[in-house]
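Line by line, the protein sequences give chains A and B.
Take 85 as the starting number for the first sequence in this note's numbering and just add one per residue.
Take 167 as the starting number for the second sequence in this note's numbering and just add one per residue.
Cβ atoms here follow ideal geometry from the backbone N, Cα and C, with glycine treated the same way.
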Amino acid sequence: MNLLSVATSSDSGNGFHAPSIDEFYPEVIAFAGTPFALNRIMLIRLIVVAVLLVTFWLVSNAFSKSIKTKNFVPSKFQLLGEIALNFVRTNIAHDQLGKKDGDRFLPLLTAIFFIVVGMNITGIVPGFNIAGTSLIGLPIVLAVAAYLTFIYAGLKKHGLKFFTNALFPAGVPLPFYLLVTPIEFLSTFILRPVTLALRLTMNMIAGHLLLVLCFSATSFFLFEAQGFFKAFGAGTFLFGFVFTLFEMLVAFLQAYVFTLLTTVYIQLSLADEH
Amino acid sequence: MITRILAATETPNPLLPAIPDLFWSSVVFVILLTFFWIKVLPGFKKTLDERTEAIEGRLAAAERAQAEVAEKTAEIEKAQENSRSEAAAIREQARAEGVAILAELKEQANQEAARIAATAKAQIEAERQAAIVSLRAEVGTLAIDLASQVVAASLKNDKVATGVVDQFLADLESSEKAGKGK
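Below, the structure written as structure tokens:
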């Protein structure tokens with residue numbers, strides 16, 4: 085990055101703009117200096133919230149209508165909503181937690197899944213071009229929610245024995261607890277939420293930087309490079325296109341991973357033996 | 167230059183969240199969590215439950231209808247069977263009655279015939295009796311006639327007298343034979 089920034093500054097003015105971490109800190113648009121400062125990314129998040137609200141409001145209306153009219157053949161739109169909701173319900177919650185506990189924690193899991201999908205996908209939506217999850221605040225909030233939930237699930241099921249079960253796994257010779265207990269503490273109560281948040285953020289940051297790199301290189305080669313070098317633009321554009329498709333997959337995959345891990349953590353807390 | 171250096175030193179750490187970032191993230195999370203929890207998922211669950219119920223209900227109704235139809239078919243078949251056997255019974259009875267009537271008629275006819283025969287016999291007997299009576303009466307007068315003739319002839323010839331008697335007896339016998347032969 086140092087090398088690139090040297091190149092940029094030496095070019096002075098026009099030339100190749102390498103992406104930097106500053107991409108993720110755009111200008112503040114409103115409420116500057118207050119805790120409610122809005123910048124582009126916050127606005128994108130709010131737009132995503134609005135889109136999710138409207139979409140699922142319509143789905144939900146379709147549900148109430150079908151309940152009221154006793155017509156249980158879903159429309160195409162309702163079916164799409166059902167498939168999406170059922171993905172979290174069946175493939176994630178019920179598979180890991182069973183029907184009863186799966187339904188208990190379904191609201192959190194559904195919210196996490198659709199927030200992450202929605203925020204991730206803005207990374208490749210033209211005009212937005214940055215993922216709402218590429219700023220670590222949102223992944224931290226979601227990870228904290230997951231963290232609190234799996235601790236709550238454990239406490240509710242096992243009481244304070246949850247902590248002793250987690251920290252002092254059965255069947256270990258006594259002296260080894262000196263070693264095992266700190267490791268368990270670290271992995272369960274510190275690394276789980278940290279890795280949840282970091283995995284998501286870093287994936288989105290990396291994806292965004294990659295796309296910016298590909299497309300700004302394309303722009304540079306096509307409009308500023310001389311002669312033969314213009315041909316490189318086609319190559320970098322192709323890369324950009326492929327990575328856009330890849331980001332589509334990553335957007336979905338990271339949401340799936342985040343939700344699935346949250347579910348697995350809850351399942352581990354509910355399990356009778358650790 | 168100075169601003170650029172300042173900006174460079176102020177390059178934010180992507181691992182540390184800014185307060186507005188956390189604030190807006192929490193807003194996003196709370197809104198959507200509440201929305202899914204209160205609005206979307208209950209309706210979703212209810213829709214799925216009611217759909218399952220409706221499908222099961224319809225299946226049960228279809229089964230019921232099928233059972234009803236089967237029952238009705240069995241009933242109709244049973245009724246048909248009943249009427250068939252009833253008809254057969256009626257036919258059988260009619261045939262038996264016919265036979266009985268025929269036998270009765272025959273019996274009556276026989277009786278009538280016997281009666282007619284008996285009457286005829288009685289009549290014949292009566293006529294015969296009447297004939298015998300009248301014959302006897304005739305025989306009386308004939309005897310008297312004969313006697314008178316014998317008396318008259320004996321006056322002339324004994325031979326003739328015996329011849330007359332013989333002749334008379336032979337006539338009588340032949341006439342009686344002829345009467346019996348009738």
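Query	Result
Minimum Cβ-Cβ distance from Y109/A to chain B less than 8 Å	yes
Amino acids of chain A, ordered along the chain, whose beta-carbon sits closer than 8 Å to that of V188/B	Position check: residue 188/B holds Leu in this sequence, whereas Val was assumed. Result: G221, I224 and V225.
Buried or exposed (CB count within 10 angstroms, at least 16 for buried), G165/A	buried
Beta-carbon spacing of Q180/A, T347/A below 8 Å	yes
Contact with chain A by L172/B, beta-carbon distance below 8 Å	Low per-residue confidence applies at L172/B: pLDDT is 45, beneath 50, and the placement is therefore not dependable enough to give any value.
For R283/A, the nearest candidate out of I224/A, L270/A and P257/A (CA to CA)	I224/A
Residue ranges of each alpha helix (DSSP H) within the segment 249-334 of chain A, 4 or longer	261-269 and 276-307
I205/A - DSSP class collapsed to helix/strand/coil	helix
Exposure of F305/A, with buried meaning 16 or more beta-carbon neighbours within 10 Å	buried
Sheet register partners of A122/A (DSSP bridge)	In the sequence on display, residue 122/A carries Leu and not Ala. DSSP, once it has assigned bridges, lists A114/A as partnering L122/A.
Cβ neighbours of N86/A in the same chain (closer than 6 Å, five flanking residues each side left out)	Low local confidence applies: a pLDDT of 42 at N86/A is under 50, so the model's placement there is unreliable, with the coordinate-based value given in what follows. Cβ within range, chain order: n/a, list empty.
Short CB-CB distance (under 8 Å) between E222/B and chain A	no
Terminal residues of the alpha helix (DSSP H) in which K160/A lies	K160 to N170
Length of the line joining the Cα atoms of R188/A and T272/A	22 Å
Candidates A237/A, A290/A, G324/A and V172/A: closest to A301/A by CA position	G324/A
Under 7 Å by beta carbon: chain A residues contacting L181/B	I220
T217/A vs M286/A beta-carbon contact at 8 Å	no
Whole-number beta carbon distance between I208/A and E107/A, since they are thought to touch under 8 Å	E107/A to I208/A, Cβ: 15 Å. No contact.
Anticipated Cβ contact below 8 Å, R129/A with W190/B, distance rounded	6 Å
Local conformation of F147/A per DSSP, three classes	helix
CB contact check: S192/B to chain A, cutoff 8 Å	yes
For L222/A and S144/A, the rounded distance between their alpha carbons	25 Å
Identity of the residue in L258/A, V341/A and F156/A nearest L280/A by Cα	V341/A
Cβ of L225/B within 8 Å of any chain A Cβ	no
Cutoff 7 Å; reference F336/A; Cβ partners in own chain excluding five residues on either side	V201
Extent of the continuous alpha helix (DSSP H) run through T200/B	I185 to T200
Stretch-stretch touch, CB-based, cutoff 8 Å, three pairs: the segment 230-248 of chain A with the segment 291-300 of chain A	no
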